[in-house]
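*Asks:*
Numbering (the UniProt record's numbering), first residue to last: 1 to 405.
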């Protein structure tokens with residue numbers, strides 16, 4: 001018998017829900033296992049790839065059965081979060097860690113961080129599955145969705161309820177148990193809640209409102225991943241800046257570097273260690289925001305509030321001594337930030353390409369520039385059919401910027 005083109009029963013996906021979780025809720029409507037639903041109705045036997053990179057053929061079949069667009073379904077997997085959460089699902093890209101986590105700086109200046117080269121790495125994807133969720137969400141019979149973000153070492157708390165995520169076993173909606181069954185939901189601290197709300201805002205809106213300005217979600221995730229790596233830097237490599245790390249770890253009440261003696265990528269750390277690392281990251285951000293610490297990292301000021309204006313004490317104002325401005329350093333920093341954002345934002349990539357192509361009109365020169373962008377980690381498809389036009393097209397060819405833009 002030919003399968004019905006549309007499922008008569010299929011609950012709508014929750015915001016941020018994992019594809020495997022939604023399919024589990026669909027299967028429950030028909031008293032089936034997910035594997036049975038996939039194999040008997042959709043002809044798809046493998047279930048391990050649902051939340052990572054589901055095949056396009058499966059997404060198209062699911063779209064026919066549910067009426068949900070394939071792109072919406074794809075965004076319920078990690079493949080749909082490329083390139084803003086992670087650069088690629090390919091774990092064999094050379095210098096992937098250095099490109100993702102060593103371009104920015106918060107607690108330490110760049111020169112104090114030793115770049116790392118590892119053979120297999122993907123941003124945020126853990127080496128072992130994670131089973132953590134909000135107890136208030138999953139204990140609600142009307143809301144048994146497992147969020148995709150809960151499968152990553154990315155958050156400590158639920159942005160909706162403000163409580164800690166807890167370890168669970170089983171399958172929500174079928175059988176569910178909590179590691180600490182007798183423990184009431186724990187309220188997350190303010191620093192943790194603030195950090196996780198920003199992460200949730202990045203996942204759901206594509207941007208984050210920081211005290212100084214709004215930033216792209218891709219920049220937020222790289223900023224957070226940079227901070228986590230800085231917190232795991234051996235003090236011997238920090239020089240005079242080691243005090244910032246000590247103060248952060250003392251403030252959150254955990255051992256320095258969460259007790260680690262050897263460096264390992266955050267994604268491969270013991271789950272309990274990762275939780276302490278995230279807690280330290282929240283503490284660091286809070287300390288920077290209230291100006292308890294003023295670390296030398298270039299991007300720490302993103303967490304500072306703009307100075308208040310318009311209030312006076314009635315006394316004659318003393319003009320502050322202006323700080324010397326290094327315009328060249330500011331220009332280099334602005335270009336560096338633009339390159340980082342261009343890796344996951346097509347509009348930024350095209351704007352940067354228009355600037356860098358400054359007077360270039362011949363195809364060979366533009367193709368060479370595209371190759372330079374690709375070396376910087378900017379996806380070629382962002383520029384594959386893009387030809388720059390005004391306001392720089394009228395300039396002479398020898399006015400072009402260097403390939404080392």
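All C-beta atoms, glycine included, are put in the ideal place defined by N, C-alpha and C.
Name, in chain order, the residues that DSSP records as bridge partners for residue 186.
*Replies:* Answer is none; residue 186 lacks a bridge partner.
*Asks:* Can you pull the DSSP bridge partners for residue 178?
*Replies:* Answer is 168, bridged to residue 178.
*Asks:* What did DSSP end up calling residue 330 once you bin it into helix, strand or coil?
*Replies:* Residue 330 falls in the helix class under three-state DSSP.
*Asks:* Quick check on residue 127: buried or exposed, where buried means 16 or more other Cβ atoms within 10 Å of its Cβ?
*Replies:* Residue 127 is exposed by the Cβ-count criterion.
*Asks:* From 67, 246 and 123, pick the residue whose C-alpha is nearest to that of residue 79; which is it?
*Replies:* Residue 79 has its Cα closest to that of 123, out of 67, 246 and 123.
*Asks:* Only counting runs of 3 or more residues, tell me where the beta strand (DSSP E) segments fall wholly within the stretch 242 to 303, in order along the chain.
*Replies:* Runs found: none.
*Asks:* Got a sec, what are the start and stop residues for the beta strand (DSSP E) residue 209 sits in?
*Replies:* From DSSP, the beta strand (DSSP E) with residue 209 extends over 207 to 209.
*Asks:* State the start and end residues of the unbroken alpha helix (DSSP H) segment that holds residue 74.
*Replies:* From DSSP, the alpha helix (DSSP H) with residue 74 extends over 70 to 74.
*Asks:* Could you work out which residue in 163, 71 and 135 is closest to residue 190 when comparing CA atoms only?
*Replies:* Closest option to residue 190, Cα to Cα, is 163.
*Asks:* Would you list the residues sitting across from residue 17 in a DSSP beta bridge?
*Replies:* Bridge partners of residue 17: 147.
*Asks:* Which class does residue 96 belong to by DSSP, given the choice of helix, strand or coil?
*Replies:* Looking at residue 96 - three-state DSSP - the assignment turns out to be helix.
*Asks:* Below 7 Å, is the gap between the Cβ of residue 329 and the nearest heavy atom of the ligand ATP?
*Replies:* This structure lacks the ligand ATP; in fact it carries no ligand of any kind.
*Asks:* Apart from the five residues on each side of it in sequence, which residues of its chain come closer than 6 Å, Cβ to Cβ, to residue 336?
*Replies:* No residues qualify anywhere along the chain.
*Asks:* How do the stretch 191 to 209 and the stretch 257 to 273 stand: do at least 3 beta-carbon pairs fall below 8 Å, yes or no?
*Replies:* The stretch 191 to 209 vs the stretch 257 to 273: no contact.
*Asks:* Among residues of its own chain, excluding the 5 on either side of residue 29, which ones have a beta-carbon nearer than 6 Å to its beta-carbon?
*Replies:* Around residue 29: 9.
*Asks:* Quick check on residue 133: does DSSP put it in helix, strand or coil?
*Replies:* Strand.
*Asks:* Could you please give the first and the last residue of the uninterrupted alpha helix (DSSP H) stretch that includes residue 350?
*Replies:* First-last of the alpha helix (DSSP H) with residue 350: 346 to 356.
*Asks:* Is the beta carbon of residue 118 closer than 8 Å to that of residue 153?
*Replies:* No, these two residues do not count as a Cβ contact at 8 Å.
*Asks:* Taking Cβ positions, are residue 17 and residue 76 nearer each other than 8 Å?
*Replies:* Yes, the pair counts as a contact, with Cβ atoms nearer than the cut-off.
*Asks:* Applying the 10 Å Cβ sphere with the 16-neighbour rule, what's the burial state of residue 306?
*Replies:* Exposed, since its Cβ has fewer than 16 Cβ neighbours within 10 Å.
*Asks:* Taking DSSP as the reference, what is the three-state secondary structure of residue 29?
*Replies:* Looking at residue 29 - three-state DSSP - the assignment turns out to be helix.
*Asks:* Run through DSSP, which three-state label would residue 214 get?
*Replies:* Strand at residue 214.
*Asks:* Do residue 21 and residue 149 have their C-beta atoms within less than 8 Å of each other?
*Replies:* Their beta carbons are not under 8 Å apart, which means residue 21 does not touch residue 149 by this criterion.
*Asks:* Which residues in the same chain have their Cβ closer than 6 Å to the Cβ of residue 287, if we skip the five residues on either side of it in sequence?
*Replies:* Around residue 287: 293.
*Asks:* Let's see if you can read the secondary structure: which residues bound the alpha helix (DSSP H) around residue 105?
*Replies:* Note, residue 105: premise wrong, no alpha helix (DSSP H); not H, not E.
*Asks:* Any idea what DSSP makes of residue 127, helix, strand or coil?
*Replies:* It is coil, neither helix nor strand.
*Asks:* Verify whether the separation of the beta carbon atoms of residue 252 and residue 272 is less than 8 Å.
*Replies:* Against a cut-off of 8 Å, the Cβ pair of residue 272 and residue 252 comes out as no contact.
*Asks:* On the CB-based measure, 16 or more other CB atoms within 10 Å of its CB, does residue 43 come out buried or exposed?
*Replies:* The residue is exposed, with fewer than 16 neighbouring Cβ atoms inside 10 Å.
*Asks:* Excluding five sequence neighbours on each side, which residues of the same chain lie with their C-beta closer than 8 Å to the C-beta of residue 390?
*Replies:* Its pLDDT being 48, under 50, residue 390 is placed unreliably by the model, and the measurement read from it follows with that caveat. Nothing meets the Cβ criterion.
*Asks:* Count the other CB atoms, across all protein chains shown, that sit within 10 Å of the CB of residue 276; report buried if there are 16 or more and exposed otherwise.
*Replies:* With 16 or more other Cβ atoms within 10 Å, it is buried.
*Asks:* Residue 25 and residue 173 look like a contact to me (Cβ under 8 Å); what is the Cβ gap, rounded to whole Å?
*Replies:* At roughly 6 Å, the Cβ-Cβ gap stays under 8 Å, so residue 25 and residue 173 are in contact.
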